[in-house]
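Worksheet: one structure, shown below.
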Amino acid sequence: MEARVRIYADGGNRLTKIMEDTRKPFDFPTVVSEPEMDLNYGLDFDFAYDSFNEGMPKIEINSLLVEIVKDGQSIGKNLVGKSAENKGLLIRDRNRYQEKAADEVIMFSIISGIAYNFLKQNKNYQKVDLTINQPLIEYSRSKEQSAAKYLENFKGNFKIIFYNIFRTSEIIEEIVFDVEKIFLCPEGISAFYKYAINEEGYVKAEYQKDIKTILWDIGSGQTNVAAFDGMRVVGVNTYEKGMFDCYEKISIITYNNYRDKMDRKPHTYEIDNIIRFNNCILKAKKGEDIDISGIVDNVFDVFAYEINKDIREFSKIKFLGNCDNVIFTGGGGKIVFDFVNKYLDKDFNCTKSSIGEYDNVIGSMYYRMYKDIRVNREG
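Numbering of the sequence shown is given in the working numbering, commencing with residue 3 and proceeding in unit increments.
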């Protein structure tokens, strides 16, 4: 049988947000490897934001119209960015996470991301082994039911058509691939493997002992938590609080404080970009700079204090006391680490995320490596 290309995809809010502002569309959370080979990034791996766009791309990212045809049936054309806006993905829907596998925007984003990566790497007509990060709440509540959704939505033949946005009858590129195998890797649990597994796919020495670890994966709309005794999962939880809660507060406070200098209240994704890429400097009317770092620090400090209380309570419940390590992962874990660490460092050994948003998708790759080695060893 022909070898399949392994693809690791993260389907979180951050993916679609990146599409929205076109800073890193598609490839931000998607990793592609050669058939039957895993990418080896090293323990200190970090993405350079500009490196992905070197050499290619064949198409203009800001002018992209995409159509997905699954098993001969068109899912429809969607403007990249507008697909998220029209579906309201950036508006926090507390009940959406239970149905995340069926979310049309998530599916559209992942499939388009695969196609865009194939296009950049001059690959076409590929057979795909797809690993998708599964929301922890789905994993813990209904494994079989949610797995069936992923199989139904993502397995099959896909043709992705890239059109000229200014002349929509003109096809720029076509990518065809078959998703033949789907592997689900639970968020939070997968991120742990990024830190517990070495580059050869084996458990690191310190995690072969009965070390007690809590992983705190802070995402855009929610926080996934997993507790481990060595490599054994002893508890999971999902908190419906995330970075968008902070960004919304920052947006409201900023608008109230500087209403005379602003035309409107900033969107949450704009606050996200201001913090990540513009050193908390907001561009207001007539190009005037507004330094919102004080507002950001205050909001993050309150958020961190609440997280600190949650961590202490979770540790008591799962380990009847303090654990050995607390690992903060995800983009939010990297951003607020210094704030929450000051509340915890006297009682916990805290580890800051090394790769932020990539923890789950890279962790899923280490998870597959670890599982493959165990399967091969056991028969």
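All C-beta atoms in this analysis are idealised placements derived from N, C-alpha and C, irrespective of residue type, glycine included.
Nearest to A117 by C-alpha distance, out of E176, E146 and K318, is E176. Rounded to the nearest whole angstrom, the C-alpha separation of N124 and C187 is 28 Å. Taking every protein chain shown into account, the CB of N280 has fewer than 16 other CB atoms within 10 angstroms, so this residue is exposed.
Collapsing the DSSP output to three states places A229 in a strand. Judged by DSSP in its simplified three-state form, D131 adopts strand. T170 is not a Cβ neighbour of I9, given a cutoff of 8 Å. When DSSP states are grouped into helix, strand and coil, F316 belongs to the helix group. The DSSP-derived three-state label of A5 is coil.
Counting C-beta pairs with one atom in each stretch, the stretch 336 to 344 and the stretch 304 to 315 have three or more that are closer than 8 Å, which means they touch. Note on D274: 16 or more other CB atoms within 10 angstroms of its CB, so buried under the neighbour-count rule.
Using a 10 angstroms sphere on the CB of S144, the tally of other CB atoms stays under 16, which defines it as exposed.
Its Cα nearest to that of G74, the residue D180 stands out among D180, A150, G115 and K151. The beta-bridge partner set that DSSP reports for F179 consists of Q128 and F160. Here the alpha carbons of M371 and I199 stand approximately 9 Å from one another.
In the three-state scheme derived from DSSP, where H, G and I count as helix and E and B as strand, K263 is classed as helix. In this structure, G358 places its C-beta atom within 8 Å of the C-beta atom of G332. The Cβ-Cβ distance between N362 and N327 does not fall below 8 Å.
Bridge pairing for F330: W218 [DSSP].
Collapsing the DSSP output to three states places Y204 in coil. Rounded to the nearest angstrom, the gap between the Cα atoms of F302 and G223 is 15 Å. Within the DSSP bridge table, the entry for Q75 names K72 as partners. Cα atoms of N324 and D349: separation of roughly 7 Å, rounded to the nearest angstrom. Rounded to the nearest whole angstrom, the C-alpha separation of D262 and D293 is 15 Å.
In the three-state DSSP reduction, G237 falls in the strand class (E or B).
Residue range F339 to L346 is occupied by the alpha helix (DSSP H) that includes D340.
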